[in-house]
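Contents: one structure, followed by commentary.
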Ligand code: SAH
């Protein structure tokens, strides 16, 4: 497939939806999403839809990935600092993050998906992506403090570990249970304390504890 042309169309649509961060748009244009889905789904890889990746989980919609990463970067001009991603899944968002941040720590609780992400990312040779197998609710203190923390799974409440591991001046973007559904939560950690805002409704898989 001529994936470059298809990706460019996807990027135009993302820009049309309001994504303006040039680094995010170029990352979305360069990472081949079709390499992260099963062969039977390749022809849907550049549609703005989530797709199954096995073990009951999904690869997030490009529209949501780009929106959340743009929020995470909070207007940074160059690459942002260290980022922690909770929920590696198939590794797609970790690959996109590798283009817009200096270091990416991505943690997954399902061994089968952690291994799948490793296989998917190997040919891309991204030296700044660090895949971790474990319960992301505990974060990953060794990689912190983080300029950004982004979760691809939504829980009832924000784990305190994430707040603790966020740098002062850093930003967290995560889906949380809100008003009977889920919404995007943005938390800025400032020298004066936390500033939180709830944005639009989203649909993510649940944040679960422990590993499997
Ligand atoms: N980032 C992926 C999306 C994966 S879906 C993408 O690029 O499309 C969200 C993932 O979060 C699932 O694989 C799920 O297993 C994982 N997850 C849920 N709770 C978790 C936890 N506590 N720690 C780590 N991963 C978790």
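In the numbering used here, the protein residues as written are 22 to 233. Note that CB positions come from ideal geometry on N, CA and C, so glycine has one too.
Taking Cβ positions, are residue i and residue j nearer each other than 8 Å?
{"i": "residue 81", "j": "residue 114", "result": "yes"}
{"i": "residue 49", "j": "residue 32", "result": "yes"}
{"i": "residue 196", "j": "residue 172", "result": "yes"}
{"i": "residue 228", "j": "residue 174", "result": "yes"}
{"i": "residue 182", "j": "residue 104", "result": "no"}
{"i": "residue 232", "j": "residue 154", "result": "yes"}
{"i": "residue 141", "j": "residue 57", "result": "yes"}
{"i": "residue 108", "j": "residue 157", "result": "yes"}
{"i": "residue 40", "j": "residue 87", "result": "yes"}
{"i": "residue 179", "j": "residue 204", "result": "no"}
Determine the direct distance from the alpha carbon of residue j to that of residue i, and round the result to whole angstroms.
{"i": "residue 214", "j": "residue 192", "result": "12 Å"}
{"i": "residue 216", "j": "residue 34", "result": "31 Å"}
{"i": "residue 146", "j": "residue 177", "result": "35 Å"}
{"i": "residue 51", "j": "residue 122", "result": "15 Å"}
{"i": "residue 54", "j": "residue 67", "result": "7 Å"}
{"i": "residue 118", "j": "residue 230", "result": "24 Å"}
{"i": "residue 47", "j": "residue 97", "result": "14 Å"}
{"i": "residue 189", "j": "residue 100", "result": "18 Å"}
{"i": "residue 226", "j": "residue 85", "result": "13 Å"}
Please go through the same chain and pick out, in chain order, the residues whose beta-carbon is closer than 7 Å to the beta-carbon of residue i, but skip the five residues on each side of it.
{"i": "residue 162", "result": "186"}
{"i": "residue 42", "result": "91, 94"}
In chain order, what residues of the same chain have a beta carbon less than 6 Å from the beta carbon of residue i, not counting five sequence neighbours either side?
{"i": "residue 126", "result": "105, 151, 161, 164"}
{"i": "residue 44", "result": "121"}
{"i": "residue 129", "result": "109, 135"}
{"i": "residue 74", "result": "80, 110, 111"}
{"i": "residue 102", "result": "123, 168"}
Under 8 Å Cβ to Cβ from residue i, same chain only, skipping five residues before and after it: list those, please.
{"i": "residue 65", "result": "58, 72"}
{"i": "residue 206", "result": "179, 193, 194, 195, 196, 197, 199, 217, 218, 219, 220"}
>> Within 8 Å, do at least three Cβ pairs link the segment 131-140 to the segment 197-211?
In response: no
>> To test your reading of the DSSP string, which unbroken alpha helix (DSSP H) runs of 4 or more residues are found completely within the segment 80-148?
In response: 83-94, 113-119, 132-142
> Any contact of the segment 63-79 with the segment 198-208, i.e. 3+ C-beta pairs under 8 Å?
Replying inline: no
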